[in-house]
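Structure first, then comments.
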Amino acid sequence: MAGVGGQWREVAGGSAGRVGDLILAYRQRLGLTQEQLAGRSGLSARMVRDLESNRVTTPRARSLRQLAAALELSAEEIAGLGPPVLRIGVLGPLVVTRGGQQVTVENEDSRRMLARLALRPNAFLPFDEAAAKDEENAQELSRKLGPGVLHVEQDGCLLHVEREGVDAARFVDLLEAGDAAQALRCWRGPIAVELGGDALAKDLGRRRVAAAIACARADDTDVHRDLIAEVAAAEPLHEPLHAELMLALGRAGDRAGALRAYGRISRRLAAELDVAPGDRLAAAHRQVSDPLRAWVTPAQLPRVPEGIVARPELSAALDAGAEVCVVTGPEGIGKSTAVLDWAHRVKTSFPDGQIYVALGHQVAPERAVLGALGVPAELIPANAAALYRSVLAGRKVLVVLDGATSAAQVRPLLPGGAGCRTVVTSREPLPELLATETAGLVTVGPLTPGEAHEVLVRRVGARRVAAEAGVVSRFLAGCGGSPLVIAAAAARAATMASAPLCTVLTTAPARHGPDLRTGLAAARHLDPHRAPLPAVEEVHTADEARAWFAAEHDTLLAGLGRAVTAGRDGDIRGLAWLLRDHLDRGGHWSSWLAVEQAALAAAVRQHDEAGQATVLRNLGEACARLGRDDEAAGCFRRATQLSLALGDGIGQAHTLLVSAPLSPPREALEQTLTALGLFRRAGSAVFEARALAGVGGANARLGRHVAALAHFHRALALNDGLDDPAGRAAMLAGIGGVHRRMGDYTEAARCLTRALEAHHAAGDLLAEATVRAELGDVHHATGRRQAAATAWRAAAAALDRLGHPDGARIRSRLTAHRVRRRPATDRQLRAAVPASDPDGPAAH
3 MAGVGGQWRE VAGGSAGRVG DLILAYRQRL GLTQEQLAGR SGLSARMVRD
53 LESNRVTTPR ARSLRQLAAA LELSAEEIAG LGPPVLRIGV LGPLVVTRGG
103 QQVTVENEDS RRMLARLALR PNAFLPFDEA AAKDEENAQE LSRKLGPGVL
153 HVEQDGCLLH VEREGVDAAR FVDLLEAGDA AQALRCWRGP IAVELGGDAL
203 AKDLGRRRVA AAIACARADD TDVHRDLIAE VAAAEPLHEP LHAELMLALG
253 RAGDRAGALR AYGRISRRLA AELDVAPGDR LAAAHRQVSD PLRAWVTPAQ
303 LPRVPEGIVA RPELSAALDA GAEVCVVTGP EGIGKSTAVL DWAHRVKTSF
353 PDGQIYVALG HQVAPERAVL GALGVPAELI PANAAALYRS VLAGRKVLVV
403 LDGATSAAQV RPLLPGGAGC RTVVTSREPL PELLATETAG LVTVGPLTPG
453 EAHEVLVRRV GARRVAAEAG VVSRFLAGCG GSPLVIAAAA ARAATMASAP
503 LCTVLTTAPA RHGPDLRTGL AAARHLDPHR APLPAVEEVH TADEARAWFA
553 AEHDTLLAGL GRAVTAGRDG DIRGLAWLLR DHLDRGGHWS SWLAVEQAAL
603 AAAVRQHDEA GQATVLRNLG EACARLGRDD EAAGCFRRAT QLSLALGDGI
653 GQAHTLLVSA PLSPPREALE QTLTALGLFR RAGSAVFEAR ALAGVGGANA
703 RLGRHVAALA HFHRALALND GLDDPAGRAA MLAGIGGVHR RMGDYTEAAR
753 CLTRALEAHH AAGDLLAEAT VRAELGDVHH ATGRRQAAAT AWRAAAAALD
803 RLGHPDGARI RSRLTAHRVR RRPATDRQLR AAVPASDPDG PAAH
């Protein structure tokens with residue numbers, strides 16, 4: 003309805019009394035009754051009638067915002083709801099507009115004052131020494147800007163303005179939100195001349211350069227090149243910025259443009275400063291000129307744990323060994339530690355560096371290794387092994403491949419020529435490698451009694467060992483020379499410093515962990531759409547899966563702790579993958595946070611950027627569960643940057659979807675729509691349905707209830723036939739929540755009850771508590787105050803047990819509505835809790 007839009011613009015510049023006519027026109031455009039608009043906006047039907055009849059001529063700003071969201075207005079239409087908007091631009095020539103009309107400020111002193119005020123919106127700006135002159139300029143400026151904008155006192159003034167209306171404030175807010183590219187678009191040129199010498203203006207310039215560098219490092223799609231080039235033109239002598247511009251041009255395939263950029267800054271440095279390009283610029287030039295020869299000298303050997311003893315037989319065998327050696331032995335015998343100890347001793351014999359790869363269950367680790375060696379990702383072909391051998395040709399490099407599971411996993415990482423040494427650790431001897439690569443075999447046995455005694459002395463202390471020599475002798479005789487058993491006992495002794503050794507040194511067989519094949523099956527039942535999973539059948543139902551995780555919870559966490567201590571990165575990441583849904587749904591969020599932090603460190607050590615993006619996404623979710631929203635946003639930002647750099651659309655979509663609840667409603671809508679498109683292109687029906695539900699949730703936050711219901715129902719229809727009960731439960735909860743906001747309490751109660759049953763069956767304690775609280779809201783709205791109280795108390799108790807901050811918020815509803823506590827009747831309990839919940843409202 004173009005006519006309505008034009009009418010709205012007329013009112014924006016005219017009498018506020020006609021706002022009611024436009025509310026009526028927009029309501030009719032959507033086909034809503036006054037009661038439906040009231041339900042959508044949260045206003046009373048009487049207020050809607052008074053507004054439309056123009057009996058209320060100056061509606062509150064909050065009421066107008068609620069109506070704008072309910073009427074699904076565009077940004078232009080929303081702008082017309084209130085008074086004309088003041089906008090001030092200083093990131094370029096100074097410009098001032100009010101309601102779209104330019105405001106002319108001619109006095110130079112007033113222009114300088116306005117520019118300085120724009121850098122400090124809603125903050126008091128003291129006058130300089132010439133206070134009387136400054137006050138005069140401020141009064142003139144106040145007349146120009148209009149009433150209520152500039153508050154002037156004898157010693158200073160304050161500009162009342164929305165941050166969105168000042169380009170400098172918008173730039174800072176976008177940077178802090180992690181959107182460097184959008185922030186750079188706030189600039190129209192060099193900062194306003196009126197701000198010359200201002201410290202805040204200089205800081206904005208530095209942040210602009212930093213944002214351009216961040217864009218250059220994240221950009222491999224040619225999207226931000228013009229933004230980066232624009233900042234580089236404004237900073238003609240900034241070497242780090244020009245180096246990043248060259249690398250971005252090179253990644254985009256424009257080597258000629260990158261070399262031209264190098265030529266320009268080189269000539270400028272010589273002409274203006276009489277200097278040659280620095281190391282950073284020269285390195286970028288080398289990489290652009292001959293990207294395959296760009297070399298980052300690797301020094302990747304992990305630190306060797308303190309308190310170990312030398313294994314001279316192993317060292318001698320490796321010193322005399324072949325170019326490829328396989329070091330084998332049972333788990334916990336000390337293979338990795340002994341090899342790393344030897345590698346640190348001989349690393350000076352390999353001047354071109356030392357590569358360490360914790361293989362575990364990595365797929366195509368050679369790509370990550372090439373990236374760590376300085377080869378741009380876009381230059382790594384499908385057959386990365388051939389390029390890996392080419393890059394290492396003619397160099398002297400030590401390669402340590404830790405935790406191999408097969409010869410096929412090792413072969414792509416074997417250098418092609420002489421000069422390099424490769425040492426592989428594995429529980430198996432890898433006979434195929436011995437046969438085809440003429441590899442040497444070194445078997446690691448248990449510690450000798452002398453070596454075992456030395457380890458214990460170093461870890462526990464000579465005096466304590468000597469004081470209970472008999473106990474120590476019996477312990478060492480029974481431990482079989484296992485470094486793992488000795489280390490575990492020594493760790494117990496260290497944490498119980500005052501306890502006799504006879505109580506802490508035990509050779510009782512340590513439980514190395516549960517059956518992980520069963521664990522993989524259990525994880526599959528919790529979320530069947532987390533790939534890849536092997537086909538295992540030890541667990542047959544979701545109930546069995548939850549029971550298995552409950553029984554093995556402590557053992558799994560202890561196993562991960564041992565993997566961290568031993569530096570087994572593949573095991574760390576495998577266990578983190580295994581535990582994710584169990585820890586999240588069970589409310590073990592502090593443990594989940596610690597597990598994902600360990601997994602992230604392992605992925606970084608493995609140079610696995612795709613893995614880092616996945617773990618960062620999980621880490622962000624764990625932080626969000628604990629109420630650490632700023633940390634969560636940072637994790638999601640880094641995950642998105644990595645996915646974009648890798649061209650991983652699915653990874654980007656997952657991060658956009660899970661991070662949307664932390665974003666402002668309009669940004670959340672954009673995120674979920676983007677995720678929806680990415681999942682559709684990938685053909686992922688399960689996550690397309692979840693993304694549709696995400697779009698529904700974002701529309702609900704904006705008060706667009708009709709659109710929200712449409713998306714939720716499309717999600718539910720797509721979910722039919724898919725094995726995704728968790729997604730279906732969330733969709734039902736979303737539909738119920740929208741119906742509650744629209745005042746359709748019967749349908750709200752029906753959907754929320756079904757969602758509660760589904761969440762309870764899935765063991766998702768937070769979702770169950772959240773839905774239970776919303777059911778309480780439905781009961782309260784229909785006058786069933788005791789049923790509401792029962793549901794709210796159960797929800798608050800569950801949230802308290804989870805350590806979730808929303809427990810206090812739910813409990814405040816009881817106080818606010820003055821619901822008297824008394825024992826609930828059976829009927830009230832049935833109203834608050836589904837029949838399938840055998841344990842009552844406080845069970846979880």
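At the far end of the sequence shown sits residue 846, using our numbering, and the numbering has no gaps.
Even glycine gets a Cβ: it sits at the ideal position worked out from N, Cα and C.
Computed from a predicted structure; not experimentally measured.
Residue i burial status per 10 Å Cβ neighbour count (16 or more: buried)
i, result
"SER351", "exposed"
"GLN30", "exposed"
"THR35", "exposed"
"THR642", "buried"
"PHE126", "exposed"
"ALA117", "buried"
"ASP276", "exposed"
"GLU848", "Residue coverage of the chain in this structure runs from 3 to 846, which leaves residue 848 outside it and unanswerable."
"THR772", "buried"
"ASN701", "buried"
"GLU776", "buried"
"ALA799", "buried"
"GLU178", "exposed"
"SER475", "exposed"
"ARG532", "Here ARG532 scores only 49 on pLDDT, less than 50, and its place in the model is too uncertain to base an answer on."
"GLY91", "buried"
"ARG253", "buried"
Residue i - partner residues in DSSP beta bridges
i, result
"GLY91", "VAL97"
"TYR358", "VAL402"
"THR424", "VAL326 and VAL401"
"ALA847", "For the chain, the structure presents residues 3 to 846; residue 847 sits outside this window and is missing."
"HIS153", "LEU160"
"GLN103", "ARG100"
"VAL697", "None, per the DSSP bridge assignment."
"VAL168", "ILE90"
Pairwise C-alpha distance: residue j and residue i
i, j, result
"ALA492", "ALA565", "16 Å"
"ALA793", "HIS656", "33 Å"
"LEU2", "ALA603", "A question about residue 2 goes unanswered here, because the residues of the chain that appear run from 3 up to 846."
"LEU106", "GLU138", "According to the sequence displayed, residue 106 carries Thr and not Leu. Each residue's alpha carbon lies about 17 Å from the other."
"LEU53", "HIS762", "45 Å"
"ALA70", "ALA712", "19 Å"
"ASP722", "ARG730", "9 Å"
"GLU196", "VAL660", "44 Å"
"GLU623", "ALA634", "7 Å"
"GLU672", "ALA72", "18 Å"
"VAL13", "SER55", "Low local confidence applies: a pLDDT of 35 at VAL13 is under 50, so the model's placement there is unreliable, and no value is given."
"ARG122", "LEU143", "16 Å"
"ILE335", "LEU436", "21 Å"
"ARG369", "LEU644", "15 Å"
"ASP726", "ALA769", "15 Å"
"VAL233", "VAL168", "20 Å"
"SER268", "HIS590", "56 Å"
"VAL597", "ARG575", "9 Å"
"GLY739", "LEU559", "37 Å"
"ARG1", "PRO279", "The displayed coordinates of the chain run from 3 to 846. Any statement about residue 1 would go beyond what the structure contains."
"THR827", "ALA626", "Reliability fails at THR827, whose pLDDT of 43 lies under 50, so the model's placement of it is uncertain and no value is given."
"ILE812", "ALA796", "10 Å"
"ALA286", "LEU249", "6 Å"
Three or more C-beta pairs closer than 8 Å, one from the region 442-450 and one from the region 314-329: is that the case here?
yes
Beta strand (DSSP E) runs wholly inside the region 434-511, at least 3 long, in chain order
442-445
Segments assigned alpha helix (DSSP H), at least 4 residues, entirely inside the region 605-651
611-627 and 631-648
If contact is defined by three or more beta carbon pairs under 8 Å, each pair taking one atom from either stretch, is the region 456-463 in contact with the region 340-354?
no
Write down every uninterrupted run of the alpha helix (DSSP H) in the region 217-289 whose length is 4 residues or greater and which is fully enclosed by it, in chain order.
227-236, 241-253 and 257-270
I'd like the ranges of any beta strand (DSSP E) spanning at least 3 consecutive residues and lying wholly in the region 122-149.
126-128
Is the region 721-741 touching the region 751-759, taking contact as three or more C-beta pairs under 8 Å?
yes
At a cut of 8 Å, does the region 395-403 reach the region 605-621 through at least three beta carbon pairs?
no
Check whether the region 573-586 and the region 551-563 touch, using three or more Cβ-Cβ pairs below 8 Å as the test.
yes
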